[in-house]
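Contents: one structure, followed by commentary.
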Amino acid sequence: MDNNEKLYDVCIVGAGFSGLVLAIKLARAGLLVCLAELNRVVGRRILSTGNGRCNFTNNRMGEEYYYSQHDLSFIEDKHLDLISFLRELGIIERDFDGYYYPITNQAKTVRDALENEINALGIDVFLDNRVTDISKNDVFTVTTHRNVLKAKKVCVSSGGLSAATLGSSKFGYKMATKFKMKVTKLAPALVGVVSTDICLKDLAGVRALGMVSYQNASCEGEIQFNKDGISGYPVMCISRYIGFDELDKKLSNISIDFIYFMTDEELKDELKNRFKHNENATILAALNGLSNEKVIQTVVSYARIYGDTVVSKLDDEDMDNLVYYFKHFSISLEGTKGFDNSQVTAGGVDLDGIELDTMESKNCKGLYFTGEVLDVDGICGGYNLTWAYLSASKAAKAIIKEV
Ligand SMILES: Cc1cc2nc3c(=O)[nH]c(=O)nc-3n(C[C@H](O)[C@H](O)[C@H](O)COP(=O)(O)OP(=O)(O)OC[C@H]3O[C@@H](n4cnc5c(N)ncnc54)[C@H](O)[C@@H]3O)c2cc1C
Numbered sequence: 001m002d003n004n005e006k007l008y009d010v011c012i013v014g015a016g017f018s019g020l021v022l023a024i025k026l027a028r029a030g031l032l033v034c035l036a037e038l039n040r041v042v043g044r045r046i047l048s049t050g051n052g053r054c055n056f057t058n059n060r061m062g063e064e065y066y067y068s069q070h071d072l073s074f075i076e077d078k079h080l081d082l083i084s085f086l087r088e089l090g091i092i093e094r095d096f097d098g099y100y101y102p103i104t105n106q107a108k109t110v111r112d113a114l115e116n117e118i119n120a121l122g123i124d125v126f127l128d129n130r131v132t133d134i135s136k137n138d139v140f141t142v143t144t145h146r147n148v149l150k151a152k153k154v155c156v157s158s159g160g161l162s163a164a165t166l167g168s169s170k171f172g173y174k175m176a177t178k179f180k181m182k183v184t185k186l187a188p189a190l191v192g193v194v195s196t197d198i199c200l201k202d203l204a205g206v207r208a209l210g211m212v213s214y215q216n217a218s219c220e221g222e223i224q225f226n227k228d229g230i231s232g233y234p235v236m237c238i239s240r241y242i243g244f245d246e247l248d249k250k251l252s253n254i255s256i257d258f259i260y261f262m263t264d265e266e267l268k269d270e271l272k273n274r275f276k277h278n279e280n281a282t283i284l285a286a287l288n289g290l291s292n293e294k295v296i297q298t299v300v301s302y303a304r305i306y307g308d309t310v311v312s313k314l315d316d317e318d319m320d321n322l323v324y325y326f327k328h329f330s331i332s333l334e335g336t337k338g339f340d341n342s343q344v345t346a347g348g349v350d351l352d353g354i355e356l357d358t359m360e361s362k363n364c365k366g367l368y369f370t371g372e373v374l375d376v377d378g379i380c381g382g383y384n385l386t387w388a389y390l391s392a393s394k395a396a397k398a399i400i401k402e403v
């Protein structure tokens, strides 16, 4: 084990998006900074973001896009700030209906830009260094399995438990506990869900629009049905609730509204109209265009109507059943696809223990937390990288002011 001679102003644990942003902001202000990272490269997770395209922010910003046990009114809109930060690194943004990507459409561009700036600023990066402990005397000692690093301040930017293959660890939570801070319950979020529901035999392979609801949460968008479960944007966005209920062993069913753009009454009127104009058509022909073809077939069979039934033979009860299954299609769940398949961790270091202007621990002066390790998770759409940036910016501002 090497004993590094330097006394750093700040040692950052984790060279993910948050740690890299923080390191750059601090070094630009003239601070002596080091990064300790367990992977052999910096920013490995960034490469997988946005399906390899890195959806780094969104122009719809605000606390309503984030979840936490804590009040989130402190969340500021930093999307323009993040865009100009990346611009300075040579990243030109592409606005795709409010979702921002690099114009190259390659997440690698973003990772490489951050790495280039880290190198240009001469920041010491200790790769392949798993940090095992942080202790505090006059200064902080950060112990990795290869090095002992000394610093006046330490920031834990070690991320959550998601996608272990990209580098994740419980380290941040362990340190929070060590310094007598609370960690809230942790659950996988932005993840597909597992189901053995019989309907998936028919629906596997289908992509259909719908509003997915679980308890009080709902989200609309394209749902993907697979043999072993469901995924897609709306499922991912509400999956954190399913994750927590799975932990508490109180899972309930998911409900899908395939015709979310009409009320029950409007759908009933629509069906009546269609049936009036197609009296001799089969039910499947009369419903054509209302939703995905396989969804229509499944709903019709759930309503206990044969697909070749002629519309004129349908009664009020059939109509009510059709409306019900189109708008309240229930699917049983086994749980989520777990942390390894999730994009983000819901829960984390409790914000009650953090000064929210500075990201400093209330219990340990000089110890900061940023990014996913904290109890904040955003929905799909660039919100989690923006949170990693926002929290790093707050920590950077406070540290620069103090040092
Ligand atoms: C497949 C996938 C797609 C995603 N797509 C998007 C997207 O398009 N937009 C979006 O906003 N968000 C997306 N996210 C979420 C986003 O990537 C994360 O929320 C964000 O990267 C968190 O940044 P962070 O710096 O806090 O943590 P991380 O990026 O996880 O960085 C933490 C770093 O700490 C290191 N580390 C952990 N423990 C230790 C230790 N003990 N010692 C040393 N180093 C350690 C890790 O190796 C890692 O490099 C996606 C996530 C995944 C998995």
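Numbering (full-length UniProt numbering), first residue to last: 1 to 403.
All C-beta atoms, glycine included, are put in the ideal place defined by N, C-alpha and C.
Q | Any C-beta of chain C under 9 Å from that of Gly-229 | A | Looking at the structure shown, chain C is missing, and only one protein chain is on hand.
Q. Any idea which residues DSSP pairs Asn-226 with across the strands?
A. Here residue 226 is taken as the residue at index 226 of the sequence shown, counted from 1. According to the DSSP secondary-structure assignment, Asn-226 is paired through a beta bridge with Gly-229.
Q: Determine, using beta carbons only, whether Leu-82 and Cys-380 come nearer to each other than 9 Å.
A: Within the sequence shown, numbered from 1, the residue matching residue 82 stands at position 82. Within the sequence shown, numbered from 1, the residue matching residue 380 stands at position 380. Contact flag unset, no.
Q. When every heavy atom of ligand 1 is checked, does at least one fall within less than 8 Å of the C-beta of Ile-46?
A. Here the question's residue 46 lines up with position 46 in the sequence shown. Yes, the Cβ of Ile-46 comes within 8 Å of a heavy atom of ligand 1.
Q: Count the other C-beta atoms from every protein chain shown that fall within 10 angstroms of the C-beta of His-79, then say buried if there are 16 or more, exposed otherwise.
A: As a working mapping, residue 79 is identified with position 79 in the sequence shown. Buried.
**Q.** Distance between Val-323 and Val-154 (C-alpha atoms, nearest Å)
**A.** Working through the sequence shown from its first residue, we reach residue 154 at position 154. Working through the sequence shown from its first residue, we reach residue 323 at position 323. Approximately 58 Å between the Cα atoms of the pair.
Q | Inter-residue spacing [alpha-carbon to alpha-carbon] between Ser-291 and Gly-307 | A | Within the sequence shown, the letter at position 291 stands for residue 291. Within the sequence shown, the letter at position 307 stands for residue 307. Each residue's Cα considered, the two are about 15 Å apart.
Q: Report yes if the CB atom of Val-344 is closer than 9 Å to the CB atom of Asp-377, and no otherwise.
A: Taking the first residue of the sequence shown as position 1, residue 344 is located at position 344. Taking the first residue of the sequence shown as position 1, residue 377 is located at position 377. Closer than 9 Å, so yes.
Q) Which of helix, strand or coil does DSSP assign to Glu-372? A) Position 372 of the sequence shown, counting from 1, holds the residue named residue 372. Here Glu-372 sits in helix by DSSP.
Q. Considering only C-alpha positions, which residue in the set Ser-68, Ser-73, Arg-130 is nearest to Arg-40?
A. To locate residue 40, count along the sequence shown from 1; it is residue 40. Selected option, being the one with the closest Cα: Arg-130.
(Q) Please report the distance separating the alpha-carbon of Val-110 from that of Phe-17. (A) Residue mapping note: residue 110 aligns to position 110 of the sequence shown, counting from 1. Residue mapping note: residue 17 aligns to position 17 of the sequence shown, counting from 1. If I take the Cα positions, the gap works out to 10 Å.
Q. Closer than 8 Å: is that where the CB of Cys-11 sits relative to any heavy atom of ligand 1?
A. Within the sequence shown, the letter at position 11 stands for residue 11. No, ligand 1 has no heavy atom inside 8 Å of this Cβ.
**Q.** Residues that DSSP places opposite Lys-150 in a beta bridge
**A.** In the sequence shown, residue 150 corresponds to position 150, counting from 1. For Lys-150, the pairing in a beta bridge is given by DSSP as Leu-7, Thr-141.
Q. In chain order, which continuous runs of the alpha helix (DSSP H) of length 4 or greater are located wholly inside the UniProt domain "RsdA/BaiN/AoA(So)-like insert" (188-344)?
A. 200-203, 233-247, 264-277, 283-287, 293-302, 316-327
Q | Contact under 9 Å by Cβ, Val-194 with Leu-367 | A | Start at 1 with the first residue of the sequence shown, and residue 194 comes out as number 194. Start at 1 with the first residue of the sequence shown, and residue 367 comes out as number 367. Cβ distance not < 9 Å, so Val-194 and Leu-367 don't count as in contact.
Q. Is the stretch 117-124 touching the stretch 60-80 in the sense that three or more CB pairs, one from each, lie closer than 8 Å?
A. no
**Q.** Leu-251 to Ser-239 span [Cα, whole Å]
**A.** As a first step, residue 251 is located in the sequence shown; it is residue number 251 there, counting from the start. As a first step, residue 239 is located in the sequence shown; it is residue number 239 there, counting from the start. Spanning the two alpha carbons is a distance of roughly 12 Å.
Q) According to DSSP, what are the bridge partners of Gly-378? A) Reading the sequence shown from its first residue, position 378 is the one you call residue 378. Gly-378 is bridged to Tyr-66.
Q.
Is Tyr-241 near ligand 1 - that is, is its Cβ less than 8 Å away from at least one heavy atom of it?
A. For the purposes of this step, residue 241 is identified with residue 241 of the sequence shown, where counting begins at 1. Not so, every heavy atom of ligand 1 lies at least 8 Å from the Cβ.
**Q.** Rounded C-alpha distance that separates Ser-48 from Pro-188
**A.** Locating residue 48 in the sequence shown gives position 48, counting from the first residue. Locating residue 188 in the sequence shown gives position 188, counting from the first residue. Here the alpha carbons of Pro-188 and Ser-48 stand approximately 17 Å from one another.
Q: Assuming Ala-398 and Asp-357 form a contact by the criterion Cβ under 8 Å, report the distance between their Cβ atoms to the nearest whole angstrom.
A: Residue 398 sits at position 398 when you count from the first residue of the sequence shown. Residue 357 sits at position 357 when you count from the first residue of the sequence shown. Yes, Ala-398 and Asp-357 are in contact; Cβ-Cβ is about 7 Å, under 8 Å.
Q: Run the CB neighbour count on Thr-184, radius 10 Å, all protein chains shown included, and call it buried at 16 or more, exposed below.
A: Here residue 184 corresponds to residue number 184 of the sequence shown, with the count starting at 1. Answer is buried; the Cβ neighbour count reaches 16.
**Q.** Candidates Phe-275, Lys-227, Val-13, of which the one nearest Gly-159 by Cα
**A.** Taking the sequence shown and counting its residues from 1, the one referred to as residue 159 is at position 159. Of Phe-275, Lys-227, Val-13, the residue nearest in Cα terms is Val-13.
Q) Excluding the five sequence neighbours on either side, which residues of its own chain have a C-beta within less than 8 Å of the C-beta of Asn-135, listed in chain order? A) Against the sequence shown, residue 135 aligns to sequence position 135. Looking at the sequence shown, residue 135 is not Asn but Ser. Here the set comprises Thr-141, Thr-143.
Q) For ligand 1, is there a heavy atom less than 8 Å away from the beta-carbon of Leu-166? A) Here the question's residue 166 lines up with position 166 in the sequence shown. For Leu-166, the shortest C-beta to heavy atom distance toward ligand 1 is below 8 Å.
(Q) At the level of alpha carbons, what is the spacing between Tyr-65 and Asn-58? (A) Locating residue 65 in the sequence shown gives position 65, counting from the first residue. Locating residue 58 in the sequence shown gives position 58, counting from the first residue. In a straight line, the C-alpha of Tyr-65 is about 10 Å away from that of Asn-58.
(Q) What would DSSP say about Lys-394, mapped onto helix, strand or coil? (A) On the sequence shown, residue 394 is found 394 positions in, with the first residue counted as 1. Lys-394 falls in the helix class under three-state DSSP.
Q. Is Gly-159 near ligand 1, judged by its Cβ being under 8 Å from some heavy atom?
A. By 1-based counting over the sequence shown, the position of residue 159 is 159. Yes, Cβ of Gly-159 sits closer than 8 Å to a heavy atom of ligand 1.
Q.
Restricting to Cα atoms, I'd like to know which of Val-21, Asp-316, Val-299 is closest to Ala-113.
A. Here residue 113 corresponds to residue number 113 of the sequence shown, with the count starting at 1. That would be Val-21, whose Cα lies nearest to the Cα of Ala-113.
**Q.** Continuous alpha helix (DSSP H) stretch holding Ala-27: start and end
**A.** As a first step, residue 27 must be located in the sequence shown, where it is residue number 27. For Ala-27, the enclosing alpha helix (DSSP H) begins and ends at 17-28.
Q: Within its chain, find whatever has a CB closer than 8 Å to the CB of Leu-203; leave out the 5 residues flanking it on each side and keep chain order.
A: On the sequence shown, residue 203 is found 203 positions in, with the first residue counted as 1. Counting only Cβ-Cβ distances below 8 Å, and skipping sequence neighbours, we find Phe-225, Lys-294, Val-295, Thr-298.
Q. In terms of residues, what are the limits of the alpha helix (DSSP H) holding Ser-84?
A. As a working mapping, residue 84 is identified with position 84 in the sequence shown. Residues 79-88.
Q) What number of angstroms, rounded off, separates the C-alpha of Leu-86 from the C-alpha of Ile-92? A) For the purposes of this step, residue 86 is identified with residue 86 of the sequence shown, where counting begins at 1. For the purposes of this step, residue 92 is identified with residue 92 of the sequence shown, where counting begins at 1. Ile-92 has its alpha-carbon roughly 8 Å from the corresponding atom of Leu-86.
Q | Spatial distance of Met-319 from Lys-337 (CA atoms) | A | For the purposes of this step, residue 319 is taken as residue 319 along the sequence shown, with counting starting at 1. For the purposes of this step, residue 337 is taken as residue 337 along the sequence shown, with counting starting at 1. Going from the Cα of Met-319 to the Cα of Lys-337 covers about 36 Å.
Q: Report the three-state DSSP secondary structure of Ala-163 (helix, strand or coil).
A: By one-based count along the sequence shown, residue 163 stands at place 163. Ala-163: coil per DSSP, three-state reduction.
Q) Under three-state DSSP, which class holds Val-110? A) As a working mapping, residue 110 is identified with position 110 in the sequence shown. In the structure shown, Val-110 sits in a helix (DSSP, three-state: H, G or I).
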